[in-house]
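Reviewing the structure listed below.
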Amino acid sequence: MSEVPPVVPNPWEGLRRFTDARIALGRAGVSQPTAPQLAFQAAHAQARDAVHLPLDAAAMRAALQPLGPGLVELRSAAADRRTYLQRPDLGRRLDAPSAAVLDACADEQLPPPQADGRRVDLAIVVADGLSALAVHRQAEPLLSALLPLLAAEGWALAPLLLVHQGRVALGDEVGERLGARLVLVLLGERPGLSSPDSLGAYLTWAPAIGLTDAARNCVSNIRPAGLAPPLAAQRLAWLLREARRRGLSGVGLKDESELPLLATDGGVPALASPPGR
């Protein structure tokens with residue numbers, strides 16, 4: 066009589082090479098094998114650590130300052146990480162000193178309002194969100210790919226904004242105070258059990274305090290193992306371009322960029338130019 070192996074493999078095991086999802090783990094009796102169980106616990110710990118990891122402001126300043134037309138550091142009304150996690154509403158507004166800094170920036174560093182009341186085309190906010198790890202890893206590669214695309218099209222940009230304890234809707238206040246036609250918020254998404262470093266990008270036309278998520282477009286899962294930063298930059302450039310052309314964002318603007326993948330180089334897609342619109 067042959068000996069029964071301690072771990073019974075799953076016949077779908079070959080599919081695991083296509084996904085990070087926890088499928089086809091096999092079984093030991095009626096339980097999960099030890100190795101997948103330990104891997105799950107490690108991934109859960111990584112996700113928890115990502116939520117509580119503080120933003121490395123010095124490293125982000127060093128990475129972002131060479132990229133854009135200046136850098137302004139701000140804070141939300143959530144005074145610390147504990148408050149940020151318990152009071153989402155406070156992460157959506159600037160604290161009083163930051164609001165004053167931003168108003169001074171608009172008056173001293175930006176041109177006067179134009180006929181539509183706006184001073185610049187775009188304000189870009191980089192915030193820690195729910196994963197500072199994602200910002201540490203993905204913000205600089207994404208902006209390094211995106212900003213040259215915008216410069217080639219003549220976009221007028223506000224200084225980059227680096228925000229502590231920020232949430233998506235904080236971009237509405239930033240854009241309104243700066244007089245930006247569009248605001249783009251880059252921040253760490255809620256960590257998953259296989260993606261503790263996923264960056265999200267949210268763009269809003271005519272930002273103003275009180276807008277809902279229906280007014281935004283989102284490009285999510287920006288990371289090398291998800292949507293690679295060069296591809297995400299192309300997609301965001303298309304969405305920003307169309308939002309400006311049509312004067313809208315959110316549910317009225319769909320991603321029709323249809324970017325063809327030509328080849329891959331070390332796992333990163335090589336891209337063709339977006340089709341003309």
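Using this note's numbering, you'd call the opening residue of the sequence shown number 66 and step up by one each time.
Built from N, CA and C at the ideal position, the CB exists for glycine as well.
Per DSSP, the bridge partner or partners of His229: According to DSSP, residue pairing for His229 in a beta bridge involves Arg140.
Using only the alpha-carbon positions, how far apart do Gln130 and Asp168 sit? Straight through space, the alpha carbons of Asp168 and Gln130 are spaced by roughly 20 Å.
Own chain partners of Ala266 with C-beta closer than 8 Å, once the 5 adjacent residues on each side are dropped: Excluding sequence neighbours, Ala266 sits near Leu207, Leu249, Val250, Leu251, Cys283, Val284, Ser285, Ile287, Ala297 and Leu301.
Local Cβ density within 10 Å of His117, reported as buried at 16 or more and exposed below that: By the C-beta density criterion, His117 is exposed, having fewer than 16 other C-beta atoms within 10 angstroms.
Would you identify the three-state DSSP class for Trp270, choosing helix, strand or coil? Residue state for Trp270 is assigned as strand, using DSSP reduced to three classes.
Residues in the same chain with beta-carbon distance under 7 Å from Pro261, minus the five sequence neighbours each way, listed in chain order, please. Contacts found: Gln111, Ala112, Ala115, Ser196 and Leu198.
Between the alpha carbons of Arg311 and Leu225, how many angstroms are there, rounded? A straight-line Cα-Cα distance of about 24 Å links Arg311 and Leu225.
Measure the beta-carbon distance from Trp77 to Ala89 and round it to whole angstroms, keeping in mind my assumption that it falls under 8 Å. That belief holds up - the Cβ atoms of Trp77 and Ala89 are roughly 4 Å apart, short of 8 Å.
Do you know offhand how far Arg158's Cα is from Arg152's? In this model, Arg158 and Arg152 are separated by some 11 Å (Cα to Cα).
Hey, how far is the Cα of Val316 from the Cα of Gly236? The alpha-carbon atoms of Val316 and Gly236 are separated by roughly 18 Å.
Rounded separation between Pro133 and Asp145 - CA only: A small fix is needed here, since residue 133 is Gly in this sequence, not Pro. Per the coordinates, the alpha-carbon of Gly133 lies some 28 Å from the alpha-carbon of Asp145.
Let me know the secondary structure DSSP gives Arg72 once reduced to three states. The question names Arg, but residue 72 in the sequence shown is Val. Coil at Val72, not helix or strand.
Taking Cβ positions, are Leu247 and Trp270 nearer each other than 7 Å? Taking 7 Å as the Cβ cut-off, Leu247 and Trp270 qualify as a contacting pair.
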